[in-house]
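Colleague:
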Amino acid sequence: MNTVLAGSVYVIINLGVLTLLFIIVVRLKEWIEDQIASAAGPKSGAAGGELQMLRQSMERIEAKVDRIEKVLDGISE
């Protein structure tokens with residue numbers, strides 16, 4: 271009976287240790303992925319936002335240039 275109990279305790283302890291190791295590895299993997307994403311994220315996010323702002327500015331400038339061309343065409347006629 272004692273050997274069966276000792277064997278069961280041994281198996282349970284080993285399963286607990288393996289479970290903890292698995293949890294640690296998964297958390298470490300998630301942490302590394304978060305670090306990589308945070309290192310790459312702001313640069314691409316900021317660049318995307320800057321590009322969007324530049325596109326909007328270009329569209330506004332193009333609209334103003336079109337209006338100026340129309341006014342100049344009206345004056346030349």
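Residue numbers (our numbering): 271 to 347. Note that CB positions come from ideal geometry on N, CA and C, so glycine has one too.
Hey, how far is the Cα of I338 from the Cα of K299?
Modeller: 58 angstroms
Colleague: So, with DSSP's three-state summary, where would you put M271?
Modeller: coil
Colleague: Rounded to the nearest angstrom, what separates L288 and I294 at their Cα positions?
Modeller: 10 angstroms
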